[in-house]
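Undergrad: Supplied in structure tokens, the structure appears directly below.
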DNA sequence: GCAGGAATGGTAGTATACAAGTCTGACCAT
DNA sequence: ATGGTCAGACTTGTATACTACCATTCCTGC
């Protein structure tokens, strides 16, 4: 596991949470790995209490499974969870992008424009490792533009189920059509074209569904059933 | 605050969580009330640790606001939060009821039928206090029928923002048109009529929007801005 | 009477100690 | 060789102690 350094002013709990989330998404903590609260506390140089609080939060999002008196483990990739996350993401992304077509302002457009341009830049330079973060921020930007930032926040932890598949996806498929998707979405928003925007969301999310089957055959030990 | 008794086998943390949630929904813990972790621990006969874990979970859902070294307070009713919760509920309820129109099975229909019949019974007998729980279970039943129970679970804590307004609504408005709504929804699902089903969801949720303005004028001290 | 500062009591955040259950492996009896 | 059992080293759950910080209050000095 990769241990980041603690930021100034960051509480011990937020620190533990940041490290856990990051390593689960990146698969440095592979699905199925045992998580020892004591061991993790020692590694991070903090006590068990804040570590435990972070573990509980991730367990609430089904990213860690806690078996009392036995142990805690990073959840295996559960196709049902991924499917529910994808379902949720599809319907909220669709509703939000449609709202954006109606009510986005200049500032919101400018923020998205900057983001997509940067993605295109990194893609052209082959610095594809930068794109993952920008991808998330692009979608977050749409939510913020229509004042639904709490909805994004509430869903973000759950979407890690999705992110893990995406991590495997970029590892194995090396497919960056997503950048083109983002550009088209932005153009649809600017044009106020709800129908096209909604279709793009659908298509965008389907990319990962296709990948999943391929990944599953390559890494069956990461999957639940 | 009403202190329920601890169930056998229930962990101290779940116990604290159940008591807090229940009292926040029922408004026995009024918006703005100070929550002392120490005091609550004493009242429940458990230690601060599980109480604190419960408080943190509710803070994640914006139901409690924690000010470090100063205190924790039950959140005031925030119109933006209520609006985001309503938005989320509208789009997910709509998507789920449309899915139910296509894929619900006999067992799912039977469960909903039992629920609605019971609502109608209690309504006819004037036992309206029973309806609140049945209302929740009706909607949960639809999610389960289309295998989206995690989505329901993830949203349930956030929907307490909504539930508080509903609690005030039944206190002040005494309007049980919702039972009729549920009957109509069920009939639409049985008929596989997506368009009608979606319209009913919209209408159903709008009831609370109308109430909110009335409630707000009666209890301004519960509201944020 | 009033302004300022120190003492006081309270809070959440963190650390540590203890309780209760589970698994493993050694060891002994059959 | 096999099966049972018991000790010990884990685990999470809970309790308690301590720390740093904030707000109020009350006393002091003017």
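Chains as they are written, first to last, in my numbering: chain A, 1 to 225; chain B, 1001 to 1225.
C-beta: ideal position from N, C-alpha, C; glycine also.
This one's a predicted model, so the numbers in the text were calculated from it and none came from an experiment.
What are the boundary residues of the beta strand (DSSP E) that residue 1072 of chain B is part of?
TA: Here residue 1072 of chain B is taken as the residue at index 72 of the second chain, counted from 1. Run containing residue 1072 of chain B: 1071 to 1074, per the beta strand (DSSP E) assignment.
Undergrad: What residue ranges within the stretch 1157 to 1194 of chain B form continuous alpha helix (DSSP H) runs of no fewer than 4 residues, ordered along the chain?
TA: Correct list: 1160 to 1172 and 1177 to 1191.
Undergrad: Check the Cβ of residue 1087 of chain B against every Cβ in chain A and list those closer than 8 angstroms, keeping chain order.
TA: If you number the second chain from 1, residue 1087 of chain B lands on position 87. Correct list: 95, 148 and 151.
Undergrad: By Cβ distance below 7 angstroms, which residues in the same chain neighbour residue 1186 of chain B in space, the five residues on each side in sequence not counted?
TA: Stepping through the second chain from its first residue, residue 1186 of chain B is reached at position 186. These residues qualify, in order along the chain: 1112, 1113 and 1116.
Undergrad: So, do the stretch 142 to 162 of chain A and the stretch 84 to 91 of chain A have three or more beta carbon pairs nearer to each other than 8 angstroms?
TA: Contact between the stretch 142 to 162 of chain A and the stretch 84 to 91 of chain A is present, because at least three Cβ pairs lie under 8 angstroms.
Undergrad: Ordered along the chain, which non-local residues of its own chain (more than five positions away) have a Cβ less than 8 angstroms from that of residue 66 of chain A?
TA: Residue 66 of chain A sits at position 66 when you count from the first residue of the first chain. Same-chain partners within the cutoff: 55, 56, 59 and 72.
Undergrad: Name the residue from B/1079, B/1007, B/1025 and B/1001 whose alpha carbon lies nearest to the alpha carbon of residue 1220 of chain B.
TA: As a position in the second chain, residue 1220 of chain B is number 220, starting the count at 1. Nearest option by C-alpha distance: B/1079.
Undergrad: Should residue 1196 of chain B be flagged as near chain A, meaning a C-beta pair shorter than 8 angstroms?
TA: Your numbering for residue 1196 of chain B matches position 196 in the second chain. By this cut-off, residue 1196 of chain B is not an interface position.
Undergrad: Determine which residues share a DSSP beta bridge with residue 1067 of chain B and list them.
TA: Sequence index remark: in the second chain, residue 1067 of chain B carries index 67 (1-based). Bridge partners of residue 1067 of chain B: B/1071.
Undergrad: Let's test the definition: count the other Cβ atoms within 10 Å of the Cβ of residue 212 of chain A and tell me whether it reaches 16, buried, or not, exposed.
TA: Along the first chain, one-based indexing puts residue 212 of chain A at 212. Label assigned to residue 212 of chain A: buried.
Undergrad: With a threshold of 8 angstroms between beta-carbons, can residue 24 of chain A be considered close to chain B, or not?
TA: Mapped onto the first chain, residue 24 of chain A falls at position 24. It does not: the Cβ of residue 24 of chain A has no partner Cβ on chain B nearer than 8 angstroms.
Undergrad: Would you verify that the beta carbon of residue 40 of chain A is, or is not, closer than 8 angstroms to some beta carbon of chain B?
TA: Along the first chain, one-based indexing puts residue 40 of chain A at 40. It does not: the Cβ of residue 40 of chain A has no partner Cβ on chain B nearer than 8 angstroms.
Undergrad: Name, please, each residue of chain B whose Cβ falls closer than 7 angstroms to the Cβ of residue 91 of chain A.
TA: What you label residue 91 of chain A is simply residue 91 of the first chain in a count that begins at 1. Those within 7 angstroms of residue 91 of chain A in chain B are 1091, 1092 and 1095.
Undergrad: Considering only the alpha carbon of each residue, which of B/1031, B/1032 and B/1017 lies closest to residue 1049 of chain B?
TA: By 1-based counting over the second chain, the position of residue 1049 of chain B is 49. Cα-wise, what sits closest to residue 1049 of chain B is B/1017.
Undergrad: Please compile the residues from chain B whose C-beta is within a distance smaller than 7 angstroms of the C-beta of residue 158 of chain A.
TA: Along the first chain, read from residue 1 onward, the residue named residue 158 of chain A stands at position 158. Residues of chain B passing the Cβ test: 1154.
Undergrad: Output needed for residue 189 of chain A: all residues of its chain with C-beta closer than 8 angstroms, excluding positions within five of it in sequence on either side, in chain order.
TA: In the first chain, counting from the first residue as 1, residue 189 of chain A sits at position 189. Excluding positions up to five away in sequence, the list reads 97, 100, 101, 104, 109, 112, 142 and 197.
Undergrad: Could you tell me the distance, in whole angstroms, from the CA atom of residue 1131 of chain B to the CA atom of residue 11 of chain A?
TA: Mapped onto the second chain, residue 1131 of chain B falls at position 131. Mapped onto the first chain, residue 11 of chain A falls at position 11. Their Cα atoms are separated by approximately 43 angstroms.
Undergrad: Which residues share a DSSP beta bridge with residue 1034 of chain B?
TA: Residue numbering aside, residue 1034 of chain B sits at position 34 when the second chain is read from its first letter. BP columns for residue 1034 of chain B point to B/1073.
Undergrad: Please return the same chain residues whose Cβ sits closer than 7 angstroms to the Cβ of residue 1138 of chain B, not counting the five positions on each side in sequence.
TA: Residue 1138 of chain B sits at position 138 when you count from the first residue of the second chain. 1112, 1115, 1116 and 1182.
Undergrad: To the nearest angstrom, report how far apart residue 119 of chain A and residue 1180 of chain B are at their CA atoms.
TA: Indexing the first chain from 1 puts residue 119 of chain A at position 119. Indexing the second chain from 1 puts residue 1180 of chain B at position 180. Looking at the two C-alpha atoms, the distance is approximately 51 angstroms.
Undergrad: Looking only at its own chain, which residues have a Cβ that is under 6 angstroms from the Cβ of residue 1052 of chain B, when we skip the five neighbours before and after it?
TA: Within the second chain, residue 1052 of chain B is the residue found at index 52, counting from 1. The residues are 1037.
Undergrad: Could you list which residues in chain A have their beta carbon closer than 9 angstroms to that of residue 1231 of chain B, in chain order?
TA: Beyond the ends of chain B as shown, which are 1001 and 1225, falls residue 1231 of chain B; an answer cannot be given.
Undergrad: Mark residue 203 of chain A as exposed unless 16 or more other C-beta atoms lie within 10 angstroms of its C-beta, in which case mark it buried.
TA: Within the first chain, numbered from 1, the residue matching residue 203 of chain A stands at position 203. Exposed is the call here.
Undergrad: According to DSSP, what are the bridge partners of residue 1223 of chain B?
TA: In the second chain, residue 1223 of chain B corresponds to position 223, counting from 1. Paired residue(s): B/1077.
Undergrad: I need the DSSP call for residue 1105 of chain B, collapsed to helix, strand or coil.
TA: One-based indexing of the second chain puts residue 1105 of chain B at position 105. The answer is coil: DSSP assigns residue 1105 of chain B none of H, G, I, E or B.
Undergrad: For residue 1224 of chain B, collect the residues of the same chain with a Cβ closer than 6 angstroms to its Cβ; drop the 5 residues on either side in sequence, then sort them by chain order.
TA: Stepping through the second chain from its first residue, residue 1224 of chain B is reached at position 224. Excluding sequence neighbours, residue 1224 of chain B sits near 1076 and 1078.
Undergrad: For residue 1033 of chain B, which residues of its own chain have a beta-carbon under 7 angstroms away from its beta-carbon, when the five flanking residues on both sides are left out?
TA: Position 33 of the second chain holds residue 1033 of chain B. Counting only Cβ-Cβ distances below 7 angstroms, and skipping sequence neighbours, we find 1073 and 1074.
Undergrad: By Cβ distance, which residues of its chain are closer than 7 angstroms to residue 1047 of chain B, with the 5 residues on each side in sequence left out?
TA: Position 47 of the second chain, counting from 1, holds the residue named residue 1047 of chain B. Excluding sequence neighbours, residue 1047 of chain B sits near 1041.
Undergrad: Where do the ends of the alpha helix (DSSP H) carrying residue 1051 of chain B lie?
TA: Here residue 1051 of chain B corresponds to residue number 51 of the second chain, with the count starting at 1. Element bounds for residue 1051 of chain B: 1048 to 1060.
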